[in-house]
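Participant: Before we start, here is the structure in question, set down as structure tokens.
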Amino acid sequence: MTSTDFPEPTLVPVNGVELEVFETGRENAGKPIVLCHGWPEHAFSWRHQMPALAAAGYHVIAPNQRGYGRSSRPDEVTDYDIAHLSGDLVALLDHYGYEDATFVGHDWGAFVVWGLTLLHPDRVNKVINLSLPYQERGEKPWIEFMEAVLGGDFYFVHFNRQPGVADAVFDDNTFRFLRNLYRKNEPPAEPQPGMALINLARADAPRGEPIMSDSELAVLVSAFETSGFTGTINWYRNLDRNWHLLAHADPIIHQPTLMIYGDRDLVARSENLAEFVPNVEVVSLDCGHWIQQEKPEETNRVITKWLEHQDRPS
1 MTSTDFPEPT LVPVNGVELE VFETGRENAG KPIVLCHGWP EHAFSWRHQM PALAAAGYHV
61 IAPNQRGYGR SSRPDEVTDY DIAHLSGDLV ALLDHYGYED ATFVGHDWGA FVVWGLTLLH
121 PDRVNKVINL SLPYQERGEK PWIEFMEAVL GGDFYFVHFN RQPGVADAVF DDNTFRFLRN
181 LYRKNEPPAE PQPGMALINL ARADAPRGEP IMSDSELAVL VSAFETSGFT GTINWYRNLD
241 RNWHLLAHAD PIIHQPTLMI YGDRDLVARS ENLAEFVPNV EVVSLDCGHW IQQEKPEETN
301 RVITKWLEHQ DRPS
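With full-length UniProt numbering, letter number 82 in the sequence shown gets 82, and the count goes up by one each step, no holes.
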């Protein structure tokens, strides 16, 4: 799919908000797969996967989650915690009349899919996550832990301790930030002082190679020029709240799971993934963080082959 033939969206009321939802494969009703984007992304990030999954027999549902695109952007920070984000997806299943679905997540979308599966295990039949592995709930809340280990300029910590600062920089430099962020094969560089993503948003020249065309990038730029970044960054501002909300959930993911890593992704792999996700298959692709956009054909092949195997009668 290109920027011109991406499906037209529908605004779907769920869980007290509206989500902008893109669909394909409606003729495959009864076999849903829900695609959950990351940050700072958009349902459009799944443009390469949607036709392939529809061709494989799935009803493909790709929402812009709350805070993104034309979906609702509540004012309260706490409206973006894992209870609300997973509740949106449960309500989306209810809207379509589905008891459960296969969920696919990338980056922050993967965190939401992990959390959804812990909080609402009966609504998830299979899990496919890209880049971000299961995050073990340690003794310290996540932001508190990151601050102690990585310092106040680490972007997760900065978003929480200096609310509004990064948001304003990204809003003022939307095109530059997204152009500079969506790159691959970036040459090594010396770390610079300050907050890395703010530096990136202000950098005059991008590094490495673009992972999308100018027209594709324009879809994201237009969406974020409309929505701003604050609602999307509020997801980060709930990490410690999420740590508390997940305290009483069974920490084991029991569903069949596919975990796809990028060999050059800066997101750390899990050293004990199988302890928490015992039914996991792990695949690595030769790419960076934006896996499904950097390696669309390979991603599609891995996902559809795994789904075919899972659906085969034992």
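Heads up, the beta-carbon is just placed ideally off N, CA and C, and yes, glycines get one too.
When the Cα of L178 is compared with those of H158, R207, G152 and V157, which residue comes out closest?
Facilitator: Nearest option by C-alpha distance: R207.
Participant: Look up A29 in the DSSP assignment and say whether it is helix, strand or coil.
Facilitator: Of the three classes helix, strand and coil, the one that applies to A29 here is coil, per DSSP.
Participant: Counting only runs that start and end within the segment 29-93, where is the beta strand (DSSP E) found for 3 or more residues in a row?
Facilitator: DSSP runs (the beta strand (DSSP E)) wholly in the segment 29-93: 32-36 and 59-64.
Participant: At which residues does the beta strand (DSSP E) containing P13 begin and terminate?
Facilitator: Where P13 is concerned, the enclosing beta strand (DSSP E) stretches over T10 to V14.
Participant: To test your reading of the DSSP string, which unbroken alpha helix (DSSP H) runs of 4 or more residues are found completely within the segment 131-208?
Facilitator: Listed in chain order, they are 142-150, 155-161, 165-172, 174-181 and 196-202.
Participant: Measuring straight from C-alpha to C-alpha, what distance separates L93 and P63?
Facilitator: Taking the straight line joining both Cα atoms gives about 11 Å.
Participant: On the three-pair Cβ rule with 8 Å, is the segment 120-129 touching the segment 138-149?
Facilitator: Output reads no: the segment 138-149 does not touch the segment 120-129.
Participant: Under the rule that 16 or more other beta-carbon atoms within 10 Å means buried, what is V302, buried or exposed?
Facilitator: Answer is buried; the Cβ neighbour count reaches 16.
Participant: Could you tell me the boundaries of the alpha helix (DSSP H) in which V113 lies?
Facilitator: V113 -> alpha helix (DSSP H) spans W108 to L119.
Participant: Taking just the CA atoms, how far does V277 sit from E136?
Facilitator: Taking the straight line joining both Cα atoms gives about 11 Å.
Participant: Report yes if the C-beta distance between R73 and H84 is below 8 Å; otherwise report no.
Facilitator: No, the Cβ-Cβ distance between R73 and H84 is not below 8 Å.
Participant: For V280, collect the residues of the same chain with a Cβ closer than 7 Å to its Cβ; drop the 5 residues on either side in sequence, then sort them by chain order.
Facilitator: Here the set comprises T257, M259, L273 and A274.
Participant: Around the Cβ of N185, are there at least 16 other Cβ atoms within 10 angstroms (buried) or fewer (exposed)?
Facilitator: The residue is exposed, with fewer than 16 neighbouring Cβ atoms inside 10 Å.
Participant: Tell me which same chain residues have a C-beta within less than 8 Å of the C-beta of N15, skipping the five on either side of it?
Facilitator: Closer than 8 Å at Cβ, skipping near neighbours: H84, G87, D88, V90 and A91.
Participant: Shortest alpha-carbon distance to A101 belongs to which of L35, M50, H48 and R70?
Facilitator: When only C-alpha atoms are compared, the closest one is L35.
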